[in-house]
Each structure stands twice: as C-alpha cells, then as structure tokens.
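Have a look at the structure below before the remarks.
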Amino acid sequence: MTRIDFIGKRKYFYIVSILVMVIGLISYLVQGFNYDIDFTGGTVLEINLHKVPTAKEISELEKLTKQITGTQTPIVRKVEDGKKIMINAHEVHGKKKTELSKQTRDKLFAEIAKRYNLKKEDLVSYQNVGAVVSSELKSQAIWAVVIASILMLIYIAIRFEFRFGTTAVAALIHDLLIVLTVYTLFRIPLNSTFIAAVLTVLGYSINDTIVVFDRIRENRRIAGKMELKDLVNLSMNQTIGRSIATAISVIIVLVVLYIMGVQSIKEFAFPLLIGVISGTYSSIFIATALWFDWELSTRKKKLQAKPKRA
Amino acid sequence: MQNKNLAKFLIGCLVIAFAFYIVFFGLEIGTASIPSVQKVIRYGLDLKGGVYIVYEAAKENPTKREMESALQLIRTRLDMRNFYDATATIQGSKRIRVEIPGVKDPDEAIQYIGRTALIEFKGPSGDLIVSGRNVVDAYAQQTASGYVVALKFDKEGTKKFAEGTKKYLGQNIGIYLDGKLISNPVVQAEIDNGEAVIEGMKNLEEAKTLAQQIKAGALPFALNVIESKAIGPSLGNEAFKSTLKAGIIGILLVFLFMIIFYRLPGLVADIALVAYIVILVAIVGYAKITLTLPGIAGIILSAGMAVDANILIFARLKEELRSGKTLRAAMDAGFRRALNAVIDSNVTTIIAGIVLLFLGTGPIKGFAWTLTIGIVVSFFTAITVTRFLLTSIINTGLFKDVRWYGGKKTREVDA
Chain F
1 MTRIDFIGKR KYFYIVSILV MVIGLISYLV QGFNYDIDFT GGTVLEINLH
51 KVPTAKEISE LEKLTKQITG TQTPIVRKVE DGKKIMINAH EVHGKKKTEL
101 SKQTRDKLFA EIAKRYNLKK EDLVSYQNVG AVVSSELKSQ AIWAVVIASI
151 LMLIYIAIRF EFRFGTTAVA ALIHDLLIVL TVYTLFRIPL NSTFIAAVLT
201 VLGYSINDTI VVFDRIRENR RIAGKMELKD LVNLSMNQTI GRSIATAISV
251 IIVLVVLYIM GVQSIKEFAF PLLIGVISGT YSSIFIATAL WFDWELSTRK
301 KKLQAKPKRA
Chain V
1 MQNKNLAKFL IGCLVIAFAF YIVFFGLEIG TASIPSVQKV IRYGLDLKGG
51 VYIVYEAAKE NPTKREMESA LQLIRTRLDM RNFYDATATI QGSKRIRVEI
101 PGVKDPDEAI QYIGRTALIE FKGPSGDLIV SGRNVVDAYA QQTASGYVVA
151 LKFDKEGTKK FAEGTKKYLG QNIGIYLDGK LISNPVVQAE IDNGEAVIEG
201 MKNLEEAKTL AQQIKAGALP FALNVIESKA IGPSLGNEAF KSTLKAGIIG
251 ILLVFLFMII FYRLPGLVAD IALVAYIVIL VAIVGYAKIT LTLPGIAGII
301 LSAGMAVDAN ILIFARLKEE LRSGKTLRAA MDAGFRRALN AVIDSNVTTI
351 IAGIVLLFLG TGPIKGFAWT LTIGIVVSFF TAITVTRFLL TSIINTGLFK
401 DVRWYGGKKT REVDA
C-alpha cells in the first residue's frame, strides 16, 4: 500500500486553501458578483442574432439598451454557440427598478431587429422577475445552506461525535467559499440554479468527508495504542483510492456535460466541477487535518493536566 | 451449484434487461399495455417551451379557501381556452404559479387569466338585473330535476333579484358568464328569498365547476403578476437533446471506467447502474414528476454518486482479499464494513436534497426531486442488486483469480 504522510504536509494544504480564498475575496472586492436577473429583478431577453457579435457590437448593444431602458449597467452576453445574446435590463422609476414594460421591450427588440435584420421569432425568450421574487431567492439560498449545514452537523454529531461534525461542516464552508470564488472570478451569473449548484457541492463534499471519517472511527476502535498521526495517515491512505475513483466518475459526467451542454447547463456544470474537485480535496486535506489538529490539542492539554495532578 | 448460480446471475441480468425494455419501449400484451416512459414523462417548461406566470394576491392574509377559489378560477379559465396541459399551483400563502406549455405570448395569457369571472343575470332586452358582485355563495346540488347550481345573494342582490323576477315573470332571464350565455331559464315565480337556481347541468362535475366559477367571480382580491417568462420551444428542444446526449455519453464513460478499474465487480456495478437508471427514470416518469433541465442534471449527478456506493464496497472487497480472506468471506466483510460509510454519506446528501425540496421552487425543485430519489434508489440497488449479482457470479466458481477483482498478481482464491 502506498504510504503518504498527508498529516505531515497539512500546513501546505492550509496555505493553498487560504490563498485561493484570498484571491476570491480580492475578486469580490474588485468586481463583485455577476448577479443574474433572478437576483436583481428586471427583464432578460434572449435574441438570436444569427451571427457572433464582435466586442464592439456588444458594447453598442449595451449602449442601445441603456438608452432605451434607462438601465445604468445593462449586461449583454453571448450564449449558446455565440450567435445568441442575452440582455439583462430593467426600467427605473424613481428609486425602484422594475421589469420592462411591453412597449419598452418591443421598442428595444425592434431597434435591434432593424440593425441585424431579424424576424419576430428571433426573440427566443424573455423573462420578467420582480424585486420581491429576487430578494426572496437570496434569503432562500442563504437559509437553504444554513439549514442543511445545521441538520448535517446534527446527524454527524449523533452518528459520530461533535468534533467530526464541526470539522466536516468547516470543510463544507471551505468548499462553499471556493465555489463562490469561482463564481466571482469567472463572472458566472448568480441565478436560481446557483442554489442547486451550491447545495449539490455541499452534499458531495460532506459525502466524501464522511467516508474518510468513517475509516478513522473504525480504525480508532481496532488500532489500540497507535500514534494519532499514524492512525489518521493510515485511514487516509486506505480511503484515497476510493475518493479518487468516485471523484473521477463524477468528474467524467460533469466534463461531458460541460463540453456538450447548452449555456445554462454549462453555467451549472462548471461550478459543480470545481466544487467536486474542491470537495474531494477538502475532505482529504482540510477536514481531516482540522480534526487532527483539534484532537491533538485536546490530547496535549490532557497530558499537561495529568502530571500536575500526579 | 455452479450452474444454479450462473442461472441466478443470468436471470438477474435478464430481469433488468426486460425492465429496461418495458420502461424505454413500452409493452403491449393483448389489451393491456404499459406506455414507454417517453410518452408519459412530464417535461418542464424549460424543455418544451411555453409561458409561466406567478400571481400574487393583492390582499394581506388571504385565507386558504380564498386562494383555492382563485386557483379554481384560473383552472377554469385555462380550460375554457383549451389549455388542458397547463398547470396552476398555489405557492406559499398568497401566490399562484401558472405554467402554460406551447404558448408564446405571456401578455395575452396574463390578460386573459387575470380577469375575475363575472356572472350576470340579464333581462330579455339585455338589461342587467344583478351580477356576481352580489353573490355570497354558490354550490352544486342534486334535485329531482337534475343537477343545479344554487346561488345565494347578499341583501342588495336579494332585492334586485326579487324586482327582476317580478318584472320578467313568464319570460326568460339570461345567465351570462363573462358575457357568454350559459343558461336561459323562464321565470316561474317571483323569488324574494335571495336564492336562485341555475338548472340544466349535465352532471355533478359541471355543476361544481360552474359553482366554483361563480364564487370566484366574487373573489375578494385582485391578482398581480409578479413574475413571467416565455421560453421558445426550439431552445427547450435543443437543450433537452444535447443534455440527454451528454448524459448518455457521460454514463457510458463511467461504465467503461468501472470495468477498467474494478474488472468483474465493475461489470456487476454497471449492470446494477442500469437497474438504478431504469428504476429512477420509471419513478420520475410514471409518478409524473416534472422533468426540468436541472432535473436531468440531478439524475446524471446522482448516477455519479450511485457509483460511489459500489466503489466503497469494491475498495473494501479488494482490501479484504489482500488480507488473505476467501472470496466469499471477503465479499461479506466488504459489504458489511462498507455499509456504515454508505449509509452515513447517503443520509447527509439526502438531508441537502430534502432541504432543497422544501426551500426550492420551480426548476430547483425538479433538481431536488431527482437528486433525492436518485440517492435513495442508488442505495437500494447498491446493497441489493450489486450484492445479488456479485454473490451469484462468485458462487459459480468460474472466476477464482484475484485479477478478476482488481488484484495485481495472479493468485487463486477459494470461493
């Protein structure tokens, strides 16, 4: 069996993770999130241009949208094979931002249709989202993560012990931050599928962590007076083959989905892909390492306490 | 012993293949038939195109009954326009979500659905006697003369109706729903007790529907559109095809990976995965769970997770074999010792799925359903189908070399 000293190298893994999160934080401060219409409220129009627009054309389309709708920063982006575009816009009424009225929408499309010689059915779809829905969606996302985390923590605390639960959830928050980093860094639009992506990553991450913890729990029972470091290293070496095999099979599916899927599936598959890689990484290098450090510090305290009593 | 176990294994495979055939191609024996899943599956709007609209009651705390009559009104209106495959559901305490497949213009649909049903009683010359605004209750009844809808007017309505029936005694009073004549009875006597009856219903169902419509016409709140979306059918179709193709290729690659990595058990896992896909698709299709784009992603993802349970078991099997156990002992130990990890890891993922199910809406709900059902089914197939097939094939005694189980050197192991 291969023998890798994971625990001995845990400092490097901590550093790598913190580095990625710092990059994410900087990206967030510089460019923030690319909130999709689900979160900001307004209207999305999807238009088939039948040709790939140049960067100059896109900025012209943005100018046009700004002119007609009054949106301060309208977003125009290429989707699918690049020949279709999506326009995010809203109307401004005093302080309130609302979806586009039928007149405004028709006017905007008519202008674009004139420039690109489009037919009526080239307005592939449009979506109106009110501000109420979007603010609800935001709180829904946060609540889903918080509630799922608490419930999983409780379950692990019952089946294992509190310390396993806490470090597993810590690894889960780690993965969430990595996924958020991907969203801000690559300007992936935050929409309702974002919630599904995040929760799937959490589910996968905890699934993976549990398998490693399960092995530590089992080995601890049978290994007797083994050194803690050796015991954890042994458990990780025993489970790493399976962790990698599972990750590979999920990654295969996600990569194919990413390559072949339509835009909305692509936008879903990419963060999931990063999330699964991060989930596998964190269960091996972060969750277990954190648990080890915590366990070790308690043991040291006990050892220090004992001689005093003696 | 050998032949018996080989037969068991082959029969197991045959049953799965047969189930696969029924689910994906349907079955007809004489008059009885099971439709293929493609025919019954309910596609979400993102897959077949259409319009969805979310309404909100313009009232602080509408009662459940008020919401239900509003829902009934919308359903009736959808039916009247022949949108039979449209769905309307109550969301939360004050919202109604309407989905109409195949429709292109939400504005037209919104205009039509948004109005409240108005019942009117008009004299022979078309003058208004009383309208739905004065109706306090409407219910279906069975009388000696057949099915009827009984109405109750408020004070003002009672007075107006009494005057009208007195004036038009022996003549017709037309009953109109949104300007359309639905009944034209002859007034037999002056009615001053505030009650009216609409006769001539074909059955109880029709009477009930009309009663609901009339009550809905007296709905105490307006409905505001807070969200609407139109999806082009070409987009949905395109998206569905490419996603399905990607899913099939992805899963085939996983099959290949399992065989290369785990040899004989890998093959068994692949057969169990086919069983998993058949069961999952059958549940989604026949239980009419709406399949959305994220829903397909959920299926594909849970297929990936389904592999995990098998991998956990086989990794253990390999370890047990390495420690020198016999095949059967290694397999038993493999299943037993992997079970804890399989249960714990699946339950935690299900928790995430269920939270999503309760908090998500629309397409996310579709994703949560397929993910949650997928995990439950994968757990079932991993501990039953995989185990049954693996036990049978090991007991045939045909595969004794450890290399069949992913061992590196040739070594004979006892069954």
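Quick mapping for you: the protein sequence lines, in order, are chains F and V. In terms of UniProt numbering, the first sequence opens at residue 1 and continues consecutively. In terms of UniProt numbering, the second sequence opens at residue 1 and continues consecutively. Quick reminder that beta carbons are idealized off the backbone N, C-alpha and C, glycines included. Quick caveat: nothing in here was measured; it's all calculated off a predicted structure.
- prompt: According to the Cβ coordinates, are residue 311 (chain F) and T184 (chain F) closer than 8 Å?
  reply: This structure does not reach residue 311 (chain F), given that chain F is present from 1 up to 310, and the question cannot be answered.
- request: In the DSSP assignment, find the unbroken beta strand (DSSP E) run with Q238 (chain F) in it and report its ends.
  value: In this chain, Q238 (chain F) is not harboured by any beta strand (DSSP E); it is covered by the alpha helix (DSSP H) spanning L228 to M260.
query: Which first and last residues belong to the beta strand (DSSP E) in which N128 (chain F) is found?
result: L123 to V129
message: Check for me: the beta strand (DSSP E) holding R93 (chain F) runs from which residue to which?
response: The sequence shown places His at residue 93 (chain F), rather than the Arg named in the question. In the DSSP assignment, H93 (chain F) falls within the beta strand (DSSP E) that extends over E91 to H93.
Burial state of G250 (chain V), where buried means 16 or more other Cβ atoms lie within 10 Å: buried
A352 (chain V) Cβ short of 7 Å to the ligand SAM heavy atom set: This structure does not include the ligand SAM; it has no bound ligands of any sort.
field: Rounded straight-line distance, which links the Cα of T372 (chain V) to that of A17 (chain V)
entry: 25 Å
query: Are any of the Cβ atoms in chain V nearer than 8 Å to that of T200 (chain F)?
result: yes
query: For V16 (chain F), which three-state DSSP category applies?
result: Under the three-state reduction of DSSP, V16 (chain F) is assigned to helix.
- prompt: Under 8 Å Cβ-Cβ, which residues of chain V neighbour G241 (chain F)?
  reply: A315
message: On the criterion of 16 or more Cβ atoms from any shown chain inside 10 Å, does L356 (chain V) qualify as buried, or is it exposed?
response: Taking a 10 Å sphere around the C-beta of L356 (chain V), we find 16 or more other C-beta atoms and assign the residue as buried.
- request: Starting from M226 (chain F), find everything on chain V with Cβ-Cβ shorter than 9 Å and list it in chain order.
  value: Around M226 (chain F), no beta-carbon contact reaches into chain V at under 9 Å, the shortest distance being about 17 Å.
- prompt: For V276 (chain F) versus A341 (chain V), is the C-beta distance shorter than 8 Å?
  reply: no
message: Which residue marks the beginning of the alpha helix (DSSP H) containing A168 (chain F), and which one marks its end?
response: F162 to L185
task: Out of F:E46, F:T71 and F:V79, point me to the one whose CA is closest to V52 (chain F)'s CA.
output: Answer by Cα proximity: F:V79.
Three-state secondary structure (DSSP) of K59 (chain V): In the structure shown, K59 (chain V) adopts coil according to DSSP, grouped into three states.
Selected residue, minimal CA-CA separation from A207 (chain V), among V:G194, V:V51 and V:A138: V:A138
- prompt: Quick one: what does DSSP say D401 (chain V) is sitting in, helix, strand or coil?
  reply: strand
message: At the 8 Å Cβ level, is G334 (chain V) part of the contact set with chain F, yes or no?
response: no
Endpoints, the alpha helix (DSSP H) within which N310 (chain V) is located: L293 to R322
field: Listed by chain order, chain V residues near residue 314 (chain F) by CB distance under 7 Å
entry: The displayed coordinates of chain F run from 1 to 310. Any statement about residue 314 (chain F) would go beyond what the structure contains.
field: Helix, strand or coil at V187 (chain V) according to DSSP, with G and I counted as helix
entry: coil
query: Can you list, in chain order, the residues of the stretch 271-300 of chain V whose Cβ is nearer than 9 Å to any Cβ on chain F?
result: So the close ones are L293, P294, I296, A297, G298 and I300.
message: Going by DSSP in three states, T298 (chain F) sits in which element: helix, strand or coil?
response: helix
- prompt: How long is the line joining the alpha carbons of E195 (chain V) and Y168 (chain V), rounded to whole angstroms?
  reply: Counting only the Cα atoms, Y168 (chain V) lies some 16 Å from E195 (chain V).
message: Assuming V197 (chain V) and A150 (chain V) are in contact, meaning their beta carbons sit under 8 Å apart, how far apart are those beta carbons, in whole angstroms?
response: 6 Å
query: Going straight from the alpha carbon of Y43 (chain V) to that of V22 (chain F), what length do you get?
result: If I take the Cα positions, the gap works out to 42 Å.
message: Can you give me the C-alpha to C-alpha distance between I248 (chain F) and F261 (chain V), rounded to a whole angstrom?
response: 11 Å
- request: Using a cut-off of 9 Å between C-beta atoms, extract the partners of K229 (chain V) located in chain F.
  value: V44, S125, Y126, Q127, N128 and V129
task: Return the chain-ordered list of same chain residues with a C-beta closer than 8 Å to the C-beta of L176 (chain F), the five sequence neighbours on each side being excluded.
output: V145, V198, V201 and L202
- request: Look at the alpha carbon of T167 (chain F) and the alpha carbon of R215 (chain F), and state the distance between them as a whole number of angstroms.
  value: 15 Å
field: Contact list for V254 (chain V) against chain F, beta-carbon separation under 8 Å
entry: S249, I252 and V253
Nonlocal neighbours in the same chain, by C-beta distance under 7 Å from G24 (chain F), ignoring five residues either side: Contacts found: L177, L180, T181, T184 and L185.
query: Taking Cβ-Cβ distances shorter than 7 Å, what residues in chain V pair up with A245 (chain F)?
result: F261 and I311
Supposed contact pair L223 (chain V) and A70 (chain V) - C-beta distance, whole angstroms, cut 8 Å: At roughly 7 Å, the Cβ-Cβ gap stays under 8 Å, so A70 (chain V) and L223 (chain V) are in contact.
task: Would you mind sorting G82 (chain F) into buried or exposed? The rule is 16 or more other CB atoms within 10 Å of its CB.
output: G82 (chain F) comes out exposed.
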